[in-house]
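The sequence shown maps to residues 152 to 648 in the numbering used here.
Below: one structure, written as structure tokens.
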Amino acid sequence: MSTDHQKYSTENQAEAIRHYAAARGIDIVRTYADEGKSGLSIDGRDALKRLIDDVEHGRADFDTILVYDVSRWGRFQDADESAYYEHICKRATITVQYCAEQFENDGSPVSTIVKGVKRAMAGEYSRELSTKVFAGQCRLIELGFRQGGTPGFGLRRTLIDQSGTPKGVLARGEQKSIQTDRVVLNIGPETEVAVVRQIYRRFAEEHLSERQIADDLNARGMMRASGQPWTRGTVHQVLINENYIGNNVWNRVSFKLKKKRVRNPPDIWLRAEGVFPAIVERCLFDAAQTIIRARSFRMSDQDMLDALRRRRESAGSLSGLIIDEAEGLPSSSAYRSRFGSLLQAYRLVGYTPRRDYRYIEINRRIRELHPRIMAEILDGFRASGSHLQGDPETELILVNGELTVSVVIARCRRTPGGSYRWRLRFDTGLRPDVTIAVRMDAANQAPVDYYILPRIDIASATLRLAEENGLALDGYRFDSLDPLYESLQPVIVTEVA
């Protein structure tokens with residue numbers, strides 16, 4: 152189970168399993184329970200890992216595994232992963248039975264089909280819930296409510312109820328306990344506020360560096376809220392924090408469905424301006440940002456890379472924080488702006504991070520390819536004689552004043568088993584008549600084929616594609632878009648009097 156307050160509590164599951172076992176004369180000899188854990192991934196599911204390990208290494212003193220229902224085995228985003236773990240058990244002659252399902256898991260064609268659908272539905276539930284939660288969080292950000300993260304020195308998180316009545320200040324590490332409560336930011340102690348304003352004035356008006364400001368604060372005994380001394384990096388974080396001008400900024404980093412954390416580009420950040428009390432005047436904040444940006448402009452690309460290479464040699468590794476802590480080195484955001492990403496800058500100085508960030512580069516490359524792919528599709532429509540109108544905000548294409556077309560690009564992912572997968576995300580709010588799904592090749596360099604999907608046949612916000620998908624999906628697959636261009640080609644009909 153992932154939360155305490157749902158029908159899937161481990162106590163309720165255990166009770167249902169006991170009744171199922173008693174009715175069939177099955178003795179329960181061992182229980183594996185993952186309490187408070189999400190079923191999206193096997194990571195963190197220590198009990199499930201222990202179960203699979205016991206089965207694989209012959210330590211299982213049982214011949215049947217009882218599970219409440221298919222979703223409790225896992226809401227894996229790849230249904231094949233769920234089937235894989237069950238196959239491990241079957242290979243060891245241990246059967247898996249689902250106690251609350253309306254089918255017997257006996258290997259018959261009917262049970263196999265129903266189980267496959269149930270697995271897909273379990274994963275889809277999490278995807279739909281994630282979409283709804285994200286939309287709700289966006290709405291709360293626009294209303295001025297805080298969605299996690301530290302407020303910043305000089306600011307405090309205030310808990311309010313659903314009517315907007317303050318309930319108290321949240322201390323460091325405290326969280327709300329009632330779902331309808333909300334968190335807003337308010338001005339903290341005047342002593343801290345004075346320090347924040349002083350940091351901005353000394354940086355923007357007196358032209359002191361972050362290091363000089365930190366040393367001065369430490370010399371006067373003005374510690375941070377955590378009691379730790381100031382550093383160049385922590386002063387820099389104050390100088391770039393939009394909370395101090397009252398802005399609520401969110402979605403800098405995404406961590407959806409237990410996948411890898413992704414640092415989002417600024418153009419998809421969600422920003423609500425002036426929703427918090429401001430500590431620093433906007434003109435002073437803008438002056439500080441101008442100074443920070445100008446520092447990197449004074450250095451050539453080679454100078455920046457040489458400085459980054461020296462920092463790597465002295466620190467032994469590189470990260471955004473390590474870069475921001477270095478005196479005389481442009482900020483990590485400056486490197487992202489100049490070279491496209493930190494990963495690209497790392498590559499140019501011969502540094503490879505321990506984590507695999509290749510997916511970030513792939514996404515960036517696809518974003519760069521998007522205008523070219525769109526232009527080729529538009530040229531194809533025009534060459535067939537179609538008249539086009541475009542909406543720059545939604546990127547919907549109106550063809551011949553009658554049909555709306557949307558284009559989505561799916562990057563190719565390689566599974567651990569060596570097969571390829573594509574995941575399509577549809578913006579169901581746009582409701583286009585036809586969606587052109589562009590599948591990229593294995594190198595994510597060019598389109599490999601196209602799926603032309605009518606709206607009436609798009610049942611959910613996401614669609615997962617394998618290399619072969621059966622007639623139900625591959626009936627919409629085309630090697631080129633010529634059939635679509637031809638079907639929408641205007642035909643002149645001569646009127647006969």
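Ideal Cβ placement from N, Cα and C applies to all residues, glycine included.
Residues bridged to residue i (per DSSP)
{"i": "W401", "result": "L421"}
{"i": "T613", "result": "R576"}
{"i": "R308", "result": "L321, L336"}
{"i": "C563", "result": "W573"}
{"i": "R590", "result": "A561, D600"}
{"i": "F254", "result": "In the DSSP output, where bridge partners are listed per residue, F254 has none listed."}
{"i": "V218", "result": "Y249"}
{"i": "T555", "result": "L549"}
{"i": "V585", "result": "V556, P605"}
Status (buried if at least 16 other CB within 10 Å, exposed otherwise) for residue i
{"i": "P583", "result": "buried"}
{"i": "N595", "result": "buried"}
{"i": "A623", "result": "exposed"}
{"i": "Y395", "result": "buried"}
{"i": "N163", "result": "exposed"}
{"i": "K283", "result": "exposed"}
{"i": "T586", "result": "buried"}
{"i": "M272", "result": "exposed"}
{"i": "L390", "result": "buried"}
{"i": "R371", "result": "exposed"}
{"i": "E519", "result": "exposed"}
{"i": "P481", "result": "buried"}
{"i": "E207", "result": "exposed"}
{"i": "E343", "result": "buried"}
{"i": "E237", "result": "buried"}
{"i": "P302", "result": "buried"}
{"i": "G501", "result": "exposed"}
{"i": "L294", "result": "exposed"}
C-alpha distance - residue i paired with residue j, whole-angstrom precision
{"i": "A132", "j": "T613", "result": "Shown here, the chain extends from 152 to 648; a query on residue 132 therefore has no answer."}
{"i": "G425", "j": "N399", "result": "8 Å"}
{"i": "Y434", "j": "I350", "result": "Reading off the sequence, residue 434 comes out as Cys, not Tyr. So the alpha carbons of these two residues sit roughly 14 Å apart."}
{"i": "L499", "j": "M455", "result": "11 Å"}
{"i": "I168", "j": "V247", "result": "13 Å"}
{"i": "T503", "j": "A561", "result": "27 Å"}
{"i": "R375", "j": "R516", "result": "40 Å"}
{"i": "V559", "j": "A588", "result": "5 Å"}
{"i": "E361", "j": "T385", "result": "9 Å"}
{"i": "R181", "j": "E478", "result": "59 Å"}
{"i": "M373", "j": "P380", "result": "8 Å"}
{"i": "D633", "j": "D578", "result": "24 Å"}
{"i": "I443", "j": "N392", "result": "13 Å"}
{"i": "R353", "j": "R463", "result": "30 Å"}
{"i": "I609", "j": "R446", "result": "50 Å"}
{"i": "A485", "j": "D452", "result": "11 Å"}
{"i": "E232", "j": "S557", "result": "31 Å"}
{"i": "I338", "j": "K188", "result": "36 Å"}
{"i": "R278", "j": "V642", "result": "42 Å"}
{"i": "I430", "j": "S465", "result": "37 Å"}
{"i": "S281", "j": "T545", "result": "22 Å"}
{"i": "Y571", "j": "G267", "result": "19 Å"}
{"i": "R196", "j": "D205", "result": "14 Å"}
Residue i - containing beta strand (DSSP E), residue span
{"i": "L639", "result": "Here L639 belongs to no beta strand (DSSP E), and DSSP marks it neither H nor E."}
{"i": "D600", "result": "598-605"}
{"i": "Q248", "result": "246-249"}
{"i": "Q540", "result": "539-541"}
{"i": "I548", "result": "548-550"}
Of the listed residues the options, nearest to residue i (C-alpha basis)
{"i": "T470", "options": "L459, G479, E478", "result": "The sequence as given places Ser at residue 470; Thr does not occur at that position. Checking every option, the nearest Cα to that of S470 belongs to L459."}
{"i": "I548", "options": "L529, R590, V180, D178", "result": "L529"}
{"i": "N415", "options": "R403, L421, A423, R422", "result": "R403"}
{"i": "C250", "options": "R606, E357, V218", "result": "V218"}
{"i": "Q210", "options": "T244, D229, S192", "result": "The sequence shown places Arg at residue 210, not Gln. Here the closest residue by C-alpha is T244."}
{"i": "A355", "options": "G303, F629, R307, T441", "result": "T441"}
{"i": "A439", "options": "L635, Y171, H387", "result": "H387"}
{"i": "D185", "options": "G287, I193, E519", "result": "I193"}
{"i": "L421", "options": "G303, C289, C240", "result": "C289"}
{"i": "I419", "options": "I239, W401, W224", "result": "W401"}
{"i": "E325", "options": "T316, T331, T309", "result": "T309"}
{"i": "I329", "options": "I311, T545, I473", "result": "I311"}
{"i": "G274", "options": "R523, L321, D229, R489", "result": "D229"}
{"i": "I524", "options": "S631, I239, N551, E357", "result": "S631"}
{"i": "D457", "options": "G467, R297, S492, A496", "result": "A496"}
{"i": "P522", "options": "R297, P543, A345, D366", "result": "P543"}
{"i": "G626", "options": "Q640, R223, Y601, D366", "result": "Y601"}
Residue interval of the alpha helix (DSSP H) (run including residue i)
{"i": "V431", "result": "No alpha helix (DSSP H) holds V431; DSSP gives it neither H nor E."}
{"i": "L390", "result": "383-390"}
{"i": "T263", "result": "260-293"}
{"i": "S631", "result": "Here S631 belongs to no alpha helix (DSSP H), and DSSP marks it neither H nor E."}
{"i": "T503", "result": "From DSSP, T503 is part of no alpha helix (DSSP H); its letter is neither H nor E."}
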